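Residue numbers (the working numbering), protein chains in the order written: chain A, 877 to 1005; chain B, 877 to 1005.
Protein chains: 2
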Amino acid sequence: MEETAVAKVTTTGDAPLRLTREHRELLDQVLDKWSLQVLDTLCEGPRRFNELRRAIPLVTQKSLTATLRRLERNGMVERVVTSTRPVAVEYRLSELGGTLQDLIDSLYLWTATALPEVDRARSQFDADA
Amino acid sequence: MEETAVAKVTTTGDAPLRLTREHRELLDQVLDKWSLQVLDTLCEGPRRFNELRRAIPLVTQKSLTATLRRLERNGMVERVVTSTRPVAVEYRLSELGGTLQDLIDSLYLWTATALPEVDRARSQFDADA
DNA sequence: CCGCATCCTAAAGGATACTG
DNA sequence: CAGTATCCTTTAGGATGCGG
């Protein structure tokens, strides 16, 4: 894997850009509980609907459908229908969706390193209360 | 600003680490709508409760309190009380919280670059429907 | 196999009033 | 100023059943 754009940018002296409502709403639609897991799964390759369902514990069909529709609408995911009978539907990461991959990896990595300290903070907080 | 750990890691051939429930829950508690704005604001320096309130449009006192408590419990934010009358309460980013800063910047930057294409995808999707 | 429609419950969150 | 407490509305989302 080569140097990412993300890395370069965080190293420049970036002006304190303010988050606008539109930007936050996009993040909300892409980083929520189910979306994160869908994107994470699709990073490993295209998946059928029921494959995704099995890969993501506890997701209901309704939530998965809603999540996939929203990701598709936002251009993160492509939906490919094969008109056999019964139909086969495949979901894959779009090129735009792929630009999120490094970011998701970074997020996950951050949680992995932060979690021990977070756990300590939680114990401390709960003990004080 | 120097090279970030985040950048380095995404350049290593990382095994496909699976997101666990704990990791996702931490992200949920730290990247939600209000938390993101609180952290973003605190990146610029310590703030009083009502300063935060004014800085974050549409947040209610109840939501802000809940958000700050959760961030404090997770060790992201420190709460400093000065026992004057009336009391002064200051919130500041903890060291652990500071490790999120680059990540949030990256997220925001991603939205800024992706948004135009997302908008096109949305129009396309809505037109088809 | 994929997904929509309906019903229903639980949880998030706003409005308002009150306190140290 | 910085909250807590209460009430009440809105929304997310689970369960179930049907249809292409």
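Glycine included, every Cβ here is placed at the ideal spot set by N, Cα and C.
No experiment lies behind these values; they were computed from the predicted model shown.
Give the C-beta separation of B/Gly973 and B/Leu915 to the nearest angstrom, bearing in mind that I take them to be a contact with Cβ-Cβ under 8 Å.
Mapped onto the second sequence, residue 973 of chain B falls at position 97. Mapped onto the second sequence, residue 915 of chain B falls at position 39. With a Cβ gap of about 7 Å, B/Gly973 and B/Leu915 count as contacting.
In three-state terms, what does DSSP make of A/Val906?
The count along the first sequence starts at 1 and reaches residue 906 of chain A at position 30. A/Val906: helix per DSSP, three-state reduction.
Do B/Ala997 and A/Arg949 count as a contact pair if the criterion is CB distance below 8 Å?
In the first sequence, counting from the first residue as 1, residue 949 of chain A sits at position 73. In the second sequence, counting from the first residue as 1, residue 997 of chain B sits at position 121. Against a cut-off of 8 Å, the Cβ pair of B/Ala997 and A/Arg949 comes out as a contact.
When you compare only the Cα positions, how much space is there between B/Glu971 and B/Met952?
By 1-based counting over the second sequence, the position of residue 971 of chain B is 95. By 1-based counting over the second sequence, the position of residue 952 of chain B is 76. If you take the alpha carbons of B/Glu971 and B/Met952, they lie about 8 Å apart.
Hey, how far is the Cα of B/Pro933 from the Cα of B/Gln913?
Taking the second sequence and counting its residues from 1, the one referred to as residue 933 of chain B is at position 57. Taking the second sequence and counting its residues from 1, the one referred to as residue 913 of chain B is at position 37. The straight-line gap separating the alpha-carbon atoms of B/Pro933 and B/Gln913 is approximately 10 Å.
Using 10 angstroms around the beta-carbon of A/Val994, count the other beta-carbons present and answer buried if the total reaches 16, otherwise exposed.
The residue labelled residue 994 of chain A in the question sits at position 118 within the first sequence. With 16 or more Cβ atoms within 10 Å of its Cβ, A/Val994 is classed as buried.
Taking C-beta pairs closer than 8 Å, name the residues in chain A that B/Leu972 reaches, listed in chain order.
Here residue 972 of chain B is taken as the residue at index 96 of the second sequence, counted from 1. The contacting residues are Ala990, Glu993, Val994, Ala997.
Can you give me the C-alpha to C-alpha distance between B/Phe925 and A/Val935, rounded to a whole angstrom?
On the second sequence, position 49 is the one that residue 925 of chain B refers to. On the first sequence, position 59 is the one that residue 935 of chain A refers to. Using only the alpha carbons, I get a separation of about 37 Å.
Taking just the CA atoms, how far does A/Arg961 sit from B/Leu985?
Working through the second sequence from its first residue, we reach residue 985 of chain B at position 109. Working through the first sequence from its first residue, we reach residue 961 of chain A at position 85. Computed Cα separation, rounded: 44 Å.
Write down the C-beta distance between A/Gln905 and A/Arg946 rounded to the nearest angstrom, noting that I regard them as a contact closer than 8 Å.
Taking the first residue of the first sequence as 1, we reach residue 905 of chain A at position 29. Taking the first residue of the first sequence as 1, we reach residue 946 of chain A at position 70. Sure, about 6 Å apart at Cβ, within 8 Å.
Locate the alpha helix (DSSP H) running through A/Val994, then write down its first and last residues.
On the first sequence, residue 994 of chain A is found 118 positions in, with the first residue counted as 1. Note, A/Val994: alpha helix (DSSP H), 977-1004.
Need the endpoints of the beta strand (DSSP E) that A/Arg949 sits in, please.
Along the first sequence, one-based indexing puts residue 949 of chain A at 73. Where A/Arg949 is concerned, there is no enclosing beta strand (DSSP E), although the alpha helix (DSSP H) it sits in stretches over 937-949.
So A/Gln913 contacts chain B; which residues on that side make the cut at Cβ distance below 9 Å?
Within the first sequence, numbered from 1, the residue matching residue 913 of chain A stands at position 37. Near A/Gln913 (Cβ distances below 9 Å), the residues of chain B are Leu895, Arg900.
May I ask you to list, following chain order, the residues of the region 953-968 of chain B that have a beta carbon less than 8 Å from some beta carbon of chain A?
none
Given this structure, state the Cα-to-Cα distance separating A/Leu928 from A/Thr917, to the nearest angstrom.
Along the first sequence, one-based indexing puts residue 928 of chain A at 52. Along the first sequence, one-based indexing puts residue 917 of chain A at 41. Going by the C-alpha atoms only, they are around 7 Å apart.
Are the beta-carbon atoms of B/Ala964 and A/Thr975 separated by less than 8 Å?
Stepping through the second sequence from its first residue, residue 964 of chain B is reached at position 88. Stepping through the first sequence from its first residue, residue 975 of chain A is reached at position 99. Taking 8 Å as the Cβ cut-off, B/Ala964 and A/Thr975 do not qualify as a contacting pair.
Does B/Thr987 come within less than 8 Å of chain A when only Cβ atoms are used?
On the second sequence, residue 987 of chain B is found 111 positions in, with the first residue counted as 1. Yes, B/Thr987 counts as interfacial toward chain A.
Taking the continuous beta strand (DSSP E) assigned at A/Arg968, which residues delimit it?
Indexing the first sequence from 1 puts residue 968 of chain A at position 92. 964-969 is the span of the beta strand (DSSP E), which, as asked, contains A/Arg968.
Could you list which residues in chain B have their beta carbon closer than 7 Å to that of A/Lys909, in chain order?
Position 33 of the first sequence, counting from 1, holds the residue named residue 909 of chain A. Ordered by position in chain B, the residues that pass the 7 Å Cβ test against A/Lys909 are Arg900, Asp904.
Name the DSSP bridge partner or partners of B/Val957?
Locating residue 957 of chain B in the second sequence gives position 81, where the first residue counts as 1. Beta-bridge pairing links B/Val957 to B/Val965.
Are the CB atoms of A/Ser982 and B/Ser982 nearer to each other than 8 Å?
For this step, residue 982 of chain A is matched to residue 106 along the first sequence. For this step, residue 982 of chain B is matched to residue 106 along the second sequence. Going by C-beta atoms, A/Ser982 is nearer than 8 Å to B/Ser982.
For B/Arg924, write down the residues that DSSP places opposite it in a beta bridge.
Translated into positions along the second sequence, residue 924 of chain B becomes position 48. B/Arg924 is bridged to B/Glu966.
Return the residue from the list B/Tyr967, B/Pro992, B/Ser999 that minimises the CA-CA distance to A/His899.
Residue numbering aside, residue 899 of chain A sits at position 23 when the first sequence is read from its first letter. Of the candidates B/Tyr967, B/Pro992, B/Ser999, the one whose C-alpha sits nearest the C-alpha of A/His899 is B/Pro992.
Tell me whether A/Thr917 sits in a helix, a strand or coil according to DSSP, three-state version.
Position 41 of the first sequence, counted from the start, is the residue given in the question as residue 917 of chain A. Residue state, collapsed to three classes: helix.
Do A/Leu969 and A/Cys919 have their C-beta atoms closer together than 8 Å?
The residue given as residue 969 of chain A occupies position 93 in the first sequence. The residue given as residue 919 of chain A occupies position 43 in the first sequence. In this structure, A/Cys919 lies closer than 8 Å to A/Leu969 by Cβ.
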